[in-house]
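A.B. asks: Pasting a structure here, questions to come.
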Amino acid sequence: MLDFFFKKPISQHQDTIKITNEIYKKLNSYSNEQLVEQTTKLKIKINSDYTKINQEIIAESFATVKEAIHRATGLVLFDVQLLGGIILNENSIAEMKTGEGKTLVALLPAYLNCLMNQGVHVITVNDYLAERDSILAQKIFSFLDIKVGLITQKTEYIQRKKEYNCHITYITNNELGFDYLKDNMAINRKEIIQRSFYYAIIDEADSILIDEARTPLIISGKKEFSNDLYEKSKIVAEQLNNNKHYNIDEKAKNITLTEYGVSLCENILQINNLYHINTPWIKYIINALKAKELFTINKDYIIKNNQVIIVDEFTGRIMEGRRWSDGIHQAIEAKENIPLEAENKTLASITYQNLFLLYKKLCGMTGTAKTEEKEFLNIYKIPVIAIPSNKKCIRKDLPDLVYRVEYNKWQAIANECWDMYKTGRPTLIGTTSIEKSELLAEMLKKLKIPYKLLNAKPENISKEAEIIAEAGTKYSITISTNMAGRGTDIILGGNAKIIAKLIIKKSIENILNTNHNIKTEKIVYHSETIKENNLKTLINYYKNQTINQYNIVEEIENIVNENLHPIHSIYKELLNIYSQKCAKDKIDILNLGGLYIIGTERHESRRIDNQLRGRAGRQGDKGTSRFFLSLEDNLFRIFGGDNINNLIKQLNINDNIPIESILLNKSLDTAQKKVEAYFYDIRKQLFEYDEVINNQRKAIYTERKKILYSRFTRDCIIEYGEYTINEMINKYYKDNKSIQILHEVLQLLDLNPELYINRLINMSVKELKNFLYEQFRINYDIKEAYLEQLRPGLIRQLEKYYLLQQIDKAWQEHIDKMNLLKEYIGWRSYGQQDPLIEYKNEAFYLFINMITYIRQTVIYMIMRSRLIIDY
Numbered sequence: 001m002l003d004f005f006f007k008k009p010i011s012q013h014q015d016t017i018k019i020t021n022e023i024y025k026k027l028n029s030y031s032n033e034q035l036v037e038q039t040t041k042l043k044i045k046i047n048s049d050y051t052k053i054n055q056e057i058i059a060e061s062f063a064t065v066k067e068a069i070h071r072a073t074g075l076v077l078f079d080v081q082l083l084g085g086i087i088l089n090e091n092s093i094a095e096m097k098t099g100e101g102k103t104l105v106a107l108l109p110a111y112l113n114c115l116m117n118q119g120v121h122v123i124t125v126n127d128y129l130a131e132r133d134s135i136l137a138q139k140i141f142s143f144l145d146i147k148v149g150l151i152t153q154k155t156e157y158i159q160r161k162k163e164y165n166c167h168i169t170y171i172t173n174n175e176l177g178f179d180y181l182k183d184n185m186a187i188n189r190k191e192i193i194q195r196s197f198y199y200a201i202i203d204e205a206d207s208i209l210i211d212e213a214r215t216p217l218i219i220s221g222k223k224e225f226s227n228d229l230y231e232k233s234k235i236v237a238e239q240l241n242n243n244k245h246y247n248i249d250e251k252a253k254n255i256t257l258t259e260y261g262v263s264l265c266e267n268i269l270q271i272n273n274l275y276h277i278n279t280p281w282i283k284y285i286i287n288a289l290k291a292k293e294l295f296t297i298n299k300d301y302i303i304k305n306n307q308v309i310i311v312d313e314f315t316g317r318i319m320e321g322r323r324w325s326d327g328i329h330q331a332i333e334a335k336e337n338i339p340l341e342a343e344n345k346t347l348a349s350i351t352y353q354n355l356f357l358l359y360k361k362l363c364g365m366t367g368t369a370k371t372e373e374k375e376f377l378n379i380y381k382i383p384v385i386a387i388p389s390n391k392k393c394i395r396k397d398l399p400d401l402v403y404r405v406e407y408n409k410w411q412a413i414a415n416e417c418w419d420m421y422k423t424g425r426p427t428l429i430g431t432t433s434i435e436k437s438e439l440l441a442e443m444l445k446k447l448k449i450p451y452k453l454l455n456a457k458p459e460n461i462s463k464e465a466e467i468i469a470e471a472g473t474k475y476s477i478t479i480s481t482n483m484a485g486r487g488t489d490i491i492l493g494g495n496a497k498i499i500a501k502l503i504i505k506k507s508i509e510n511i512l513n514t515n516h517n518i519k520t521e522k523i524v525y526h527s528e529t530i531k532e533n534n535l536k537t538l539i540n541y542y543k544n545q546t547i548n549q550y551n552i553v554e555e556i557e558n559i560v561n562e563n564l565h566p567i568h569s570i571y572k573e574l575l576n577i578y579s580q581k582c583a584k585d586k587i588d589i590l591n592l593g594g595l596y597i598i599g600t601e602r603h604e605s606r607r608i609d610n611q612l613r614g615r616a617g618r619q620g621d622k623g624t625s626r627f628f629l630s631l632e633d634n635l636f637r638i639f640g641g642d643n644i645n646n647l648i649k650q651l652n653i654n655d656n657i658p659i660e661s662i663l664l665n666k667s668l669d670t671a672q673k674k675v676e677a678y679f680y681d682i683r684k685q686l687f688e689y690d691e692v693i694n695n696q697r698k699a700i701y702t703e704r705k706k707i708l709y710s711r712f713t714r715d716c717i718i719e720y721g722e723y724t725i726n727e728m729i730n731k732y733y734k735d736n737k738s739i740q741i742l743h744e745v746l747q748l749l750d751l752n753p754e755l756y757i758n759r760l761i762n763m764s765v766k767e768l769k770n771f772l773y774e775q776f777r778i779n780y781d782i783k784e785a786y787l788e789q790l791r792p793g794l795i796r797q798l799e800k801y802y803l804l805q806q807i808d809k810a811w812q813e814h815i816d817k818m819n820l821l822k823e824y825i826g827w828r829s830y831g832q833q834d835p836l837i838e839y840k841n842e843a844f845y846l847f848i849n850m851i852t853y854i855r856q857t858v859i860y861m862i863m864r865s866r867l868i869i870d871y
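In this text, residue positions in the sequence shown follow the UniProt record's numbering: the first is 1, and each later residue adds one.
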């Protein structure tokens, strides 16, 4: 079978796969103790001076993991999964379709590379996936004496260092980035929690490396702001009209005021010039207009606990704790009449591109990456290799149906759901927003079609596992805002393991919520009822337990994984019942054609559409997908142009009749390619601009780390002092021996100008430099002796404090200046100048000024400070 599928460059790995399987057969006979010893044996081989990671070591380590997986789960890895592991180890993106077992594939290179004792990070898109995958990994790696760490939003700061020091650490991209930035703001080396970045495996690589890469990670602090500016700007924005007072660029998601709009704003605010440098209004008015026109409730954000919570446009999940920057979040809060929180000041930031380029080895896996192959190669220097599926995909992707009017499209989708429900065929409908998902839900409710709704609203998120587990069952209609990063396959007939867990979970919750007075025969799941004797066992067991709602999930995992748990037999019984039921239902569903996917709108990226389609046809199952579209959809409206609409009008087609044509499909593909190219340019530009500040960031963080780990910071102070003296002497001669500069140098070094100024005027450059060097060192020796007498070690503490404090302060101010520079540098293009080159030049001078400022301020503070010790 492999000979049929494999083509270069993956054909070269057939020998490795063959050797792996041969070693795996030998390991079958090993005891658990012997299998554990494989880790020590492989570490010795890898870390010996004369051996590198070669084919033999790859094969043996992969075979070891394959055996551990079999012992822990009963699953045997397919050859294509071994191939995926090899591709990941070679620093590539492995494109593997949904249901091909990517979670297990990641364990192969993770184990191999963790043997280097430098730490491996498996990076996921959300806490749920990180937690789920780490539990599975821990279960498997317990056979190999490998420690697995987990870091989520809930992980306490003290615990994080321990988790990072594990052999393999599961973590989300956000937590990884924020911990990196926090480490580089630490004022004590004991506060640093991360090791150096060695090897990363990125799950859902396209989501993290492409989608998330549009916006940088920012650690911010509060800064003072005025509510009045936002409230007044909101009132102004409400009086302005689109196309008259302002124009909207939906492609760039930007708004510009017209001349008439500027005039009206000036009249309302009673000011002469809206764009005057001392007038703050323009930024706030544009933000208010953006909040009004470009940010929609239940699409871009939701209101929860009287707060504006961002909805991730790619995953459909809410992003608690994250806020839009540059005053956008406050403008939305003003729009929704919610109490405004203070604006943020950037303390540290980094783009995902530059964060992940810190790793010595980087790889990723996803179901959809080929469409972005160019970007992975250009920015991350990692190729995309498509891994053949274990079984051939036989899903039918039907042509799109395009309606002229959006109303008719939704009517057709509702009718299609009715037809599928009547036949019993499971159907998954993908929508682009909460608003659209709720619109369809209302339509199905009127048709009396039962459905499950999965969107970013909290009441729906809490049921996610249950909804996904049921999405493949007969008669199920599931509406979801987005299926990217859900992390769970839709299994035809239903997921027996999850269903069994859910029944026990609901039973325990009911027992706890009713204070153990629950009547038997009351816990119903679908049409099934938990048996009376099992329910009595549950009640008797849990009425004496102190378990609460917060650790039920942990309790369920214990029930499932521990054979000796008193309730494990009930789980096994339920699993047996539902395994049979799900297997029978799967045959019926396959006869109906498998899972039916309905797309309600084409996404900006073909990749997101493919993610939705990919939910059907897993592991050789039958399946069908079809997109229902309208000419009023955003993609057609913004990027499609007027040609298509004019064509439809000329054809005079009835609104109820869909159009199915090659011309339309080609137009859609062209529109999507335009959008992909547009956003690629944005990310590329962000990367190119951030590359400038990234080099500066590396220099500052390197200097900071050197100071943080230094036991003797005196050398750094002396170096800063001599640099400062040189700079000021150069300035002195450049300004024709300005007496004022000599005064400044002497004051900086804590010397009395009146005693020295006349002597210095007649000195040569060399004499002046040597004199100031000498006086600086003498004065510093005196200060050091005095402080050491007050308290031993005090001078070293002061040095470190002043150095780090001034570096951090100057860097934060520098970030603000660089952000302003980036905003206005684009105007240079009107003067026939390349904005990027101009940005690099300006950034260089800003950086030099910052370094000079740091040195001078540190020397001034340490030489001029007067300390009083309060005993």
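Each residue gets a CB set at the ideal place from its N, CA and C atoms; glycine is no exception.
1. Which one or two residues does DSSP pair with serine 220 in a beta bridge?
2. Can you tell me whether DSSP reads threonine 98 as helix, strand or coil?
3. For isoleucine 210, which residues from the same chain have a beta carbon less than 7 Å from its beta carbon, with the 5 sequence-adjacent residues on both sides left out?
4. State the DSSP-derived secondary structure class of isoleucine 597, mapped to helix, strand or coil.
5. Apply the 10 Å Cβ neighbour rule to alanine 484 and answer buried if 16 or more other Cβ atoms are within range, or exposed otherwise.
6. Once you ignore the five residues that flank lysine 97 on each side, which residues in its own chain have a CB closer than 7 Å to its CB?
7. According to the neighbour-count rule (16 or more other Cβ atoms, all chains shown, within 10 Å of its Cβ), is glutamine 12 buried or exposed?
8. Taking the alpha-carbon positions, what's the asparagine 227 to aspartate 326 distance?
9. Secondary structure at valine 262, three-state DSSP: helix, strand or coil?
10. Mind checking which residues open and close the beta strand (DSSP E) that includes threonine 478?
11. Should asparagine 758 go down as buried or exposed, given a rule of 16 or more other Cβ atoms within 10 Å for buried?
12. What is the rounded straight-line gap between the Cα of glutamate 573 and the Cα of glycine 472?
13. Counting Cβ pairs, one atom from each stretch, are 3 or more of them under 8 Å apart for the segment 428-436 and the segment 591-606?
14. So aspartate 735 is in the alpha helix (DSSP H); what residue range does that whole segment cover?
15. For a minimum of 3 consecutive residues, which ranges assigned as the beta strand (DSSP E) are wholly contained in the UniProt domain "Helicase ATP-binding" (83-221)?
16. State whether the segment 353-369 contacts the segment 98-117, with contact taken as three or more CB pairs (one from each stretch) at a distance under 8 Å.
17. Quick check: what's the CA-CA separation for valine 692 versus lysine 822?
18. Answer yes if the segment 112-130 comes into contact with the segment 196-206, meaning at least three C-beta pairs across the two stretches below 8 Å, and no otherwise.
19. Between leucine 401 and proline 658, is the Cβ-Cβ spacing less than 7 Å?
20. Between glutamine 806 and isoleucine 854, which are expected to be in contact by the criterion C-beta below 8 Å, what is the C-beta distance as a whole number of angstroms?
21. Using 10 angstroms around the beta-carbon of serine 829, count the other beta-carbons present and answer buried if the total reaches 16, otherwise exposed.
22. Can you name the residues that DSSP bridges to aspartate 249?
23. Please classify glutamate 554 as buried or exposed, where buried requires at least 16 other C-beta atoms within 10 Å of its C-beta.
24. Quick check: the Cα distance between isoleucine 64 and tyrosine 180, rounded to an integer number of angstroms?
25. Would you tell me roughly how many angstroms separate the C-alpha atoms of leucine 347 and leucine 355, rounded to the nearest one?
26. Looking only at its chain, what residues have a beta carbon closer than 7 Å to the beta carbon of valine 308, apart from the 5 residues adjacent to it on each side?
27. Counting Cβ pairs closer than 8 Å, one from the segment 473-482 and one from the segment 585-597, do we hit at least three?
28. Compare the beta carbon distance of isoleucine 69 and leucine 35 with 7 Å and say whether it is the shorter of the two.
29. Going by alpha carbons, who is nearest to asparagine 534 out of Asn513, Arg714, Ile570?
30. Does the segment 669-682 come close enough to the segment 830-837 to have 3 or more Cβ pairs within less than 8 Å?
31. Taking the alpha helix (DSSP H) that isoleucine 303 falls in, what are its first and last residues?
32. Per DSSP, which residues does valine 308 bridge with? Please list them.
33. Nearest by alpha-carbon distance to phenylalanine 628: which of Leu398, Leu358, Ser480, Glu231 is it?
34. Span of the alpha helix (DSSP H) holding threonine 16?
35. From Phe141, Ile146, Tyr170, Phe143, pick the residue whose C-alpha is nearest to that of threonine 155; which is it?
36. Would you mind working out which of Ile268, Ile449, Gly74, Thr724 sits nearest leucine 240, comparing C-alpha positions?
C.D. replies: According to the structure data:
1. Residue numbering aside, residue 220 sits at position 220 when the sequence shown is read from its first letter. Serine 220 is bridged to Thr346.
2. Here residue 98 is taken as the residue at index 98 of the sequence shown, counted from 1. Coil, per DSSP.
3. Counting from one through the sequence shown, the residue named residue 210 turns up at place 210. Glu372, Glu375, listed in sequence order.
4. The residue you call residue 597 lines up with position 597 of the sequence shown. Looking at isoleucine 597 - three-state DSSP - the assignment turns out to be strand.
5. Position 484 of the sequence shown, counting from 1, holds the residue named residue 484. Any answer about alanine 484 is weak, because its pLDDT of 47 lies below 50 and its placement is not dependable; what the coordinates show is given next. Buried, because 16 or more other Cβ atoms sit within 10 Å of the Cβ of alanine 484.
6. Locating residue 97 in the sequence shown gives position 97, where the first residue counts as 1. For lysine 97, where only same-chain residues beyond five positions count, the Cβ hits under 7 Å are Gly367, Ser389, Cys393, Gly614.
7. Here residue 12 refers to the residue found at position 12 when the sequence shown is read from its first residue. Exposed, by the Cβ-count rule.
8. The count along the sequence shown starts at 1 and reaches residue 227 at position 227. The count along the sequence shown starts at 1 and reaches residue 326 at position 326. When rounded, the distance between both Cα atoms is 15 Å.
9. What you label residue 262 is simply residue 262 of the sequence shown in a count that begins at 1. Three-state result, valine 262: helix.
10. Counting from 1 along the sequence shown, the entry for residue 478 is found at position 478. Here the beta strand (DSSP E) through threonine 478 covers 477-480.
11. Counting from one through the sequence shown, the residue named residue 758 turns up at place 758. Exposed: under 16 other Cβ atoms inside 10 Å.
12. Numbered from 1 along the sequence shown, position 573 holds the residue referred to as residue 573. Numbered from 1 along the sequence shown, position 472 holds the residue referred to as residue 472. Rounded to the nearest angstrom, the two C-alpha atoms are 22 Å apart.
13. yes
14. Stepping through the sequence shown from its first residue, residue 735 is reached at position 735. Counting along the chain, aspartate 735 falls outside any alpha helix (DSSP H), and DSSP gives it neither H nor E.
15. 93-95, 120-124, 148-151, 168-172, 199-203
16. yes
17. On the sequence shown, position 692 is the one that residue 692 refers to. On the sequence shown, position 822 is the one that residue 822 refers to. The straight-line gap from Cα to Cα measures roughly 11 Å.
18. yes
19. Stepping through the sequence shown from its first residue, residue 401 is reached at position 401. Stepping through the sequence shown from its first residue, residue 658 is reached at position 658. Going by C-beta atoms, leucine 401 is nearer than 7 Å to proline 658.
20. Here residue 806 is taken as the residue at index 806 of the sequence shown, counted from 1. Here residue 854 is taken as the residue at index 854 of the sequence shown, counted from 1. Going by Cβ atoms, the distance from glutamine 806 to isoleucine 854 rounds to 5 Å, so yes, they are a contact pair.
21. In the sequence shown, residue 829 corresponds to position 829, counting from 1. Serine 829 is exposed by the Cβ-count criterion.
22. Translated into positions along the sequence shown, residue 249 becomes position 249. According to DSSP, which records beta bridges pairwise, aspartate 249 is partnered with Asn254.
23. Translated into the one-based positions of the sequence shown, residue 554 becomes position 554. With fewer than 16 Cβ atoms within 10 Å of its Cβ, glutamate 554 is classed as exposed.
24. For this step, residue 64 is matched to residue 64 along the sequence shown. For this step, residue 180 is matched to residue 180 along the sequence shown. Position check: residue 64 holds threonine in this sequence, whereas isoleucine was assumed. Computed Cα separation, rounded: 33 Å.
25. What you label residue 347 is simply residue 347 of the sequence shown in a count that begins at 1. What you label residue 355 is simply residue 355 of the sequence shown in a count that begins at 1. Distance between the alpha carbons of leucine 347 and leucine 355 is about 16 Å.
26. Stepping through the sequence shown from its first residue, residue 308 is reached at position 308. Result list for valine 308: Tyr301, His329, Ile332, Glu333, Glu336, Ile338, in chain order.
27. yes
28. Numbered from its first residue, the sequence shown carries residue 69 at position 69. Numbered from its first residue, the sequence shown carries residue 35 at position 35. Not in contact: isoleucine 69 and leucine 35 (Cβ atoms no closer than 7 Å).
29. By one-based count along the sequence shown, residue 534 stands at place 534. Asparagine 534 has its Cα closest to that of Ile570, out of Asn513, Arg714, Ile570.
30. no
31. Working through the sequence shown from its first residue, we reach residue 303 at position 303. Where isoleucine 303 is concerned, there is no enclosing alpha helix (DSSP H), although the beta strand (DSSP E) it sits in stretches over 301-304.
32. By 1-based counting over the sequence shown, the position of residue 308 is 308. For valine 308, which the question treats as bridged, DSSP gives the partners Ile303.
33. Here residue 628 refers to the residue found at position 628 of the sequence shown. Among Leu398, Leu358, Ser480, Glu231, the Cα nearest to that of phenylalanine 628 is on Leu398.
34. Here residue 16 refers to the residue found at position 16 when the sequence shown is read from its first residue. Segment 14-27, the alpha helix (DSSP H) holding threonine 16.
35. Working through the sequence shown from its first residue, we reach residue 155 at position 155. That would be Tyr170, whose Cα lies nearest to the Cα of threonine 155.
36. Here residue 240 refers to the residue found at position 240 of the sequence shown. Per the Cα distances, Ile268.
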